[in-house]
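**Q**
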Amino acid sequence: MTLFDPRNHDLSTNHRRIHATTELVYNLVDFSAALLFVVGSVLFFSESTTYFGTWLFLIGSILFGMRPTIKLGREILYMREGIDPDQKSPNDARETPML
1 MTLFDPRNHD LSTNHRRIHA TTELVYNLVD FSAALLFVVG SVLFFSESTT
51 YFGTWLFLIG SILFGMRPTI KLGREILYMR EGIDPDQKSP NDARETPML
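When the letters of the sequence shown are read in order and numbered with full-length UniProt numbering, they come out as residues 1 to 99.
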């Protein structure tokens with residue numbers, strides 16, 4: 001198993017669960033960061049709310065920085081999970097020979 005191999009998420013049921021969970025977290029973080037940037041941009045239209053808008057930009061930037069961390073964390077979880085040699089992947093191209 002190599003890091004960032006697109007087939008890693010399909011190695012076992014646990015790998016698929018890890019993939020689904022981290023994709024959900026990734027998308028929530030991504031959506032939240034984008035929302036904070038939009039709200040922060042609107043707050044910059046008024047001098048009285050610029051300070052609060054700056055904080056929203058900072059929080060949004062931190063969330064955008066979390067995105068690659070989530071993906072790397074997922075790959076580490078895949079590695080820790082390992083490969084179960086007895087469980088075939090649904091995408092396994094090998095066919096069992098008929099006897």
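Backbone N, C-alpha and C define an ideal beta-carbon position, used for all residues, glycine too.
Looking at C-alpha atoms only, which residue of Glu-47, Thr-54 and His-15 is the closest neighbour of Leu-36?
**A** The residue you call residue 36 lines up with position 36 of the sequence shown. Nearest of Glu-47, Thr-54 and His-15 to Leu-36, Cα basis: Thr-54.
**Q** Does DSSP classify Leu-11 as helix, strand or coil?
**A** For the purposes of this step, residue 11 is taken as residue 11 along the sequence shown, with counting starting at 1. Looking at Leu-11 - three-state DSSP - the assignment turns out to be coil, as it is neither helix nor strand.
**Q** Below 7 Å CB to CB, which residues in the same chain sit around Gly-60 once its five sequence neighbours on both sides are set aside?
**A** Position 60 of the sequence shown, counting from 1, holds the residue named residue 60. Closer than 7 Å at the Cβ level, and outside the excluded window around Gly-60, lie Ala-33, Leu-36, Phe-37 and Gly-40.
**Q** Quick one, are the C-beta atoms of Thr-2 and Ile-70 less than 9 Å apart?
**A** Looking up residue 2 in the sequence shown gives position 2. Looking up residue 70 in the sequence shown gives position 70. Contact: no.
**Q** Can you check which of these residues, Phe-45, Arg-80 and Gly-73, is closest to Val-25 by C-alpha distance?
**A** Locating residue 25 in the sequence shown gives position 25, counting from the first residue. When each option's Cα is compared against that of Val-25, the closest is Gly-73.
**Q** Suppose you measure from the CA of Phe-4 to the CA of Glu-75; what does that come to, to the nearest Å?
**A** For this step, residue 4 is matched to residue 4 along the sequence shown. For this step, residue 75 is matched to residue 75 along the sequence shown. Whole-angstrom Cα-Cα distance: 7 Å.
**Q** So, using beta-carbon positions, are Tyr-78 and Asn-8 closer together than 9 Å?
**A** Reading the sequence shown from its first residue, position 78 is the one you call residue 78. Reading the sequence shown from its first residue, position 8 is the one you call residue 8. Asn-8 is positioned such that its CB atom lies closer than 9 Å to that of Tyr-78.
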